[in-house]
Amino acid sequence: MTFESVGPDRVVAWIELGPNQHTPWGVVHGGAYTTAIESAASVGASAAVLDRGQFAVGVNNITDFLRPLTRGRVKVVAEPIHQGATQQLWQVIISKADDGKVLARGQVRLQNVSLDR
Numbered sequence: 010m011t012f013e014s015v016g017p018d019r020v021v022a023w024i025e026l027g028p029n030q031h032t033p034w035g036v037v038h039g040g041a042y043t044t045a046i047e048s049a050a051s052v053g054a055s056a057a058v059l060d061r062g063q064f065a066v067g068v069n070n071i072t073d074f075l076r077p078l079t080r081g082r083v084k085v086v087a088e089p090i091h092q093g094a095t096q097q098l099w100q101v102i103i104s105k106a107d108d109g110k111v112l113a114r115g116q117v118r119l120q121n122v123s124l125d126r
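Take the sequence shown: its letters are residues 10 to 126, numbered as in the numbering used here.
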């Protein structure tokens, strides 16, 4: 995953997907999307609490798979739904870079924890 921008209220990244991420049926495995969703949400949530000496770890990840893909560049956009003192909730959308069609969406709940752990 290549990050274009990272901030406490938005993360934008992209991934080039292809045969290395395929299922035996020739489409991108859902685990590739789930991993990207968790990563983008974690990076953004951590950016939001870094100034408090914390980082964020995922405690729940729900991913919906909407369209299959065989190969191509996808855009990953993560934005917070809620940013609390102890937990955050982020939504992440993965879409085809060429036409914007949504491939997957996810919601990640994250726990804010001390960097001293």
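Cβ atoms here follow ideal geometry from the backbone N, Cα and C, with glycine treated the same way.
Bear in mind that the values here come from a model prediction, so they are computed numbers and not experimental data.
Cβ-based neighbour list, residue i, same chain, cut-off 6 Å, excluding 5 preceding and 5 following
i             : result
proline 77    : Val36
asparagine 69 : Arg118
proline 17    : Ala56, Ala57
valine 20     : Ala49, Val52, Gly53, Ala87
serine 12     : Contrary to the premise, residue 12 reads as phenylalanine rather than serine in this sequence. Closer than 6 Å at Cβ, skipping near neighbours: Ala22.
Reduced DSSP category for residue i - H, G, I as helix; E, B as strand; rest coil
i            : result
proline 28   : helix
threonine 79 : coil
threonine 43 : helix
arginine 19  : coil
aspartate 73 : strand
leucine 59   : helix
alanine 49   : helix
C-beta neighbour in chain C for residue i, strict 8 Å
i          : result
glycine 53 : No chain C appears in the structure shown, which is made up of a single protein chain.
Beta-carbon proximity list for residue i, same chain, < 8 Å, skipping 5 on both sides
i             : result
alanine 94    : Asn121
methionine 10 : Ala22, Trp23, Ile24, Ala45, Ser48, Ala49, Val85
Beta-carbon spacing of residue i, residue j below 8 Å
i             : j             : result
tryptophan 23 : valine 83     : yes
alanine 50    : tryptophan 99 : yes
valine 52     : valine 101    : no
aspartate 73  : arginine 114  : yes
isoleucine 46 : isoleucine 90 : no
arginine 80   : glycine 39    : no
Identity of the residue in the options nearest residue i by Cα
i              : options               : result
isoleucine 110 : Val86, Leu119, Leu124 : According to the sequence provided, residue 110 is lysine. The question's isoleucine does not apply to it. If we check each option's Cα against that of lysine 110, Val86 comes out closest.
glutamine 92   : Gly81, Thr79, Val117  : Val117
threonine 43   : Leu75, Asp108, Ala106 : Leu75
alanine 106    : Phe12, Glu25, Val20   : Glu25
Same chain, Cβ closer than 7 Å to residue i, five either side skipped, listed in chain order
i           : result
leucine 124 : Gly62, Gln63, Phe64
serine 55   : Phe64, Ala65
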